[in-house]
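At the far end of the sequence shown sits residue 562, using this note's numbering, and the numbering has no gaps. Idealized CB from N, CA, C, for every residue including glycine. Please read these numbers as outputs of a predicted model, since none were measured by experiment.
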Amino acid sequence: MPQIILNARNLAAGNNTALMAVPWLGMLTSLLGNLSLLSYFAKKREQGAMVVQTLGVVSTFVVLAQLALAEAMPLPYFLATSVVVVSGLFLNFMNYFGLLNAGIFRLWEDFITIGGLSVLPQIMWSTFVPYIPNSILPGAISFVIAVLAVTMARSGKLSEQGVKFVGGISGWTATLLFMWMPVSQMWTNYLNPENMKGLSAISMLLAMIGNGLMLPRALLIRDLMWFTGSAWATFFYGYGNIACLYLSNIISKEFFLAATAGLVSWIGMAFWRDSVVHGYSSPLTSISDLVSGS
Numbered sequence: 269m270p271q272i273i274l275n276a277r278n279l280a281a282g283n284n285t286a287l288m289a290v291p292w293l294g295m296l297t298s299l300l301g302n303l304s305l306l307s308y309f310a311k312k313r314e315q316g317a318m319v320v321q322t323l324g325v326v327s328t329f330v331v332l333a334q335l336a337l338a339e340a341m342p343l344p345y346f347l348a349t350s351v352v353v354v355s356g357l358f359l360n361f362m363n364y365f366g367l368l369n370a371g372i373f374r375l376w377e378d379f380i381t382i383g384g385l386s387v388l389p390q391i392m393w394s395t396f397v398p399y400i401p402n403s404i405l406p407g408a409i410s411f412v413i414a415v416l417a418v419t420m421a422r423s424g425k426l427s428e429q430g431v432k433f434v435g436g437i438s439g440w441t442a443t444l445l446f447m448w449m450p451v452s453q454m455w456t457n458y459l460n461p462e463n464m465k466g467l468s469a470i471s472m473l474l475a476m477i478g479n480g481l482m483l484p485r486a487l488l489i490r491d492l493m494w495f496t497g498s499a500w501a502t503f504f505y506g507y508g509n510i511a512c513l514y515l516s517n518i519i520s521k522e523f524f525l526a527a528t529a530g531l532v533s534w535i536g537m538a539f540w541r542d543s544v545v546h547g548y549s550s551p552l553t554s555i556s557d558l559v560s561g562s
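Rendered as structure tokens:
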């Protein structure tokens, strides 16, 4: 919300350049990641996580709308994104309340699997243009591979283990999409440090807190994918951008130190409490369980 308010103020003042501090490709990967994770958590009936992902989808979409108004995001991409967002929210909540045919939701899962696998490599590549040649090959190659994998899985031409692997791709792809946003933001910070005043420190703090609050639950149920995505966003998107703002003398030393102390304390408490709940003598055992899926 603070980032949305800051963007609105800059738009009202005609300062569209300030919105260039927010990379639309990074925000797009975040939105697609949130939308895919919403499907993942809807299927697992994790109501709290669904609410968080829905808020992420809506707030990120509003930011993209502001970027489109500032001509910082191409309009055709925004319109296509709008269709996907509306469809995704509708289908996920219809499925959660048991009002959607299982076959239709399976088609949606196939769509996000193919879409995620196609979009992720393309956006990763495009982030570094013009330092690398502009090309659609990463997305095109990934699209063909994704279509073949999904088709073979649905037609029964893969082993049970292969079908399970393809079924899990969408979740990990969603996590990787979500994880790419911090990379894109850091790259933008590096290229255009003068535009960092367009970033809201409060938004970064809330991103750190919001993702950090998900860590204990992900750790408790030993969901490595959920934990990985939340931890990455906590450290690299939330805290990482707070560090960038501090190094650029945009926020005070006290703000930075308070955020650092709060993050370290929360992570330490999460692992300590988990070890107590499971009767472990060391928090390191919780990490071992998380990685092994025990």
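Quick check: what's the CA-CA separation for residue 278 versus residue 284?
The count along the sequence shown starts at 1 and reaches residue 278 at position 10. The count along the sequence shown starts at 1 and reaches residue 284 at position 16. Approximately 6 angstroms, taken between the alpha carbons.
Pair every Cβ in the region 527-534 with every Cβ in the region 468-480, then say whether three or more of these pairs are closer than 8 angstroms.
yes
When you compare the CB positions of residue 531 and residue 476, do they come within less than 8 angstroms of one another, or not?
As a working mapping, residue 531 is identified with position 263 in the sequence shown. As a working mapping, residue 476 is identified with position 208 in the sequence shown. Contact flag set, yes.
With a Cβ-Cβ cutoff of 8 angstroms, do residue 496 and residue 452 count as a contact?
If you number the sequence shown from 1, residue 496 lands on position 228. If you number the sequence shown from 1, residue 452 lands on position 184. No, Cβ-Cβ distance for residue 496 and residue 452 is not below 8 angstroms.
Residue of 400, 388, 420, 401 minimising C-alpha distance to residue 408
Here residue 408 refers to the residue found at position 140 when the sequence shown is read from its first residue. Nearest C-alpha to residue 408: 388.
On a CA-only basis, which of 479, 485, 515 is nearest residue 506? Give me that one, please.
Sequence index remark: in the sequence shown, residue 506 carries index 238 (1-based). Looking at the Cα atoms, 479 is the closest of the given residues.
Contact set for residue 406: own chain, Cβ-Cβ below 6 angstroms, skip 5 residues either direction:
By 1-based counting over the sequence shown, the position of residue 406 is 138. Once the five neighbours on either side are set aside, the close Cβ partners of residue 406 are 389, 390, 393.
Using the rule of at least 16 other Cβ atoms within 10 Å of the residue's Cβ for burial, across every protein chain shown, is residue 316 buried or exposed?
Residue mapping note: residue 316 aligns to position 48 of the sequence shown, counting from 1. Residue 316 is exposed by the Cβ-count criterion.
How big is the Cα-Cα spacing for residue 456 and residue 337?
Mapped onto the sequence shown, residue 456 falls at position 188. Mapped onto the sequence shown, residue 337 falls at position 69. Taking the straight line joining both Cα atoms gives about 20 angstroms.
By the three-class DSSP mapping on this structure, what secondary structure does residue 418 have?
As a position in the sequence shown, residue 418 is number 150, starting the count at 1. Here residue 418 sits in helix by DSSP.
So, helix, strand or coil for residue 311, using DSSP?
To locate residue 311, count along the sequence shown from 1; it is residue 43. Correct three-state label for residue 311: helix.
To the nearest angstrom, report how far apart residue 543 and residue 439 are at their CA atoms.
For the purposes of this step, residue 543 is taken as the residue at position 275 of the sequence shown. For the purposes of this step, residue 439 is taken as the residue at position 171 of the sequence shown. Going from the Cα of residue 543 to the Cα of residue 439 covers about 27 angstroms.
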